[in-house]
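First comes the structure, then the notes that go with it.
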Amino acid sequence: MSRALRKPFTVESANRTLPLVRAIVADMSRVASTVDDRQQRVMHLMSGRELESGDPYADELALVNDQLQSDMELVDSYCDELFELGIQVKDAVLGQIDYPSELDGRPVLLAWRLGDPEVLFWRECDSPFNSRQPLTADAVSGGCDDELPGAAT
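In my numbering, each number is its position in the sequence shown, counted from 1, plus 1.
Structure below.
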């Protein structure tokens, strides 16, 4: 089903995706952290320095850049996989994601991050991830669960 036609997630439907989502986000976070660290090291090593032909580090730097490109593509593929599930990635390194949902008929986001045992927080669509608020009993409800991948029909 097209993501645009997808019904909002309920807390329950979001939690049902967590076994798969947790694995994807853990892999994504691990690779994204490696990419981030490598990019920082390369930038530090290259600051104020220009490689010239014959530079002994040029080949090594080219190899590191090729590996970085490959890893960035892998992170993108994890993000695409989550997007296909209807999930928005907010920070790949920290493993922060949002599930579109509804609260009192208005759009909100169910906020989950790597390490959370289940979906326990929500936030307004235009607020930063760190403004997430604890869910209260049946505060957030969304659309049909049968629209979710792998859901019983």
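Backbone N, C-alpha and C define an ideal beta-carbon position, used for all residues, glycine too.
Keep in mind that this is a model prediction, so the values were computed, not measured.
- Membership of Asp99 in the beta strand (DSSP E) is indicated by the continuous run Gln97 to Leu104.
- Note on the region 28–94: whole alpha helix (DSSP H) runs with a minimum of 4 residues are 59–85, in chain order.
- By the criterion of a C-beta distance shorter than 6 Å, Arg124 is surrounded in its chain by Leu110, Ala112, Ser132 and Arg133, once the five residues flanking it on both sides are discounted.
- When the five nearest sequence neighbours on each side are left out, the beta carbons in the same chain lying within less than 6 Å of the beta carbon of Val32 are those of Asp72, Leu75 and Val76, in order along the chain.
- Taken atom to atom, the span from the alpha-carbon of Ile88 to that of Pro57 is near 44 Å.
- Taking the Cα of Glu119 as reference, the smallest distance to any Cα among Met47, Ala93 and Arg17 is reached at Arg17.
- Between Ser30 and Gly96 a beta carbon distance of about 4 Å is seen, short of the 8 Å cut, so the two are scored as contacting.
- In this structure Thr137 is exposed. Its beta-carbon is surrounded by fewer than 16 other beta-carbon atoms within 10 angstroms.
- Leu46 is classed as exposed because its beta carbon has fewer than 16 other beta carbons within 10 Å across all chains shown.
- Counting along the chain, Glu125 sits inside the beta strand (DSSP E) bounded by residues Phe122 to Glu125.
- DSSP, reduced to helix, strand and coil, places Leu110 within a strand of the structure shown.
- Taken atom to atom, the span from the alpha-carbon of Thr11 to that of Arg42 is near 42 Å.
- Only exposed fits Ala63, as fewer than 16 other CB atoms lie within 10 angstroms of its CB.
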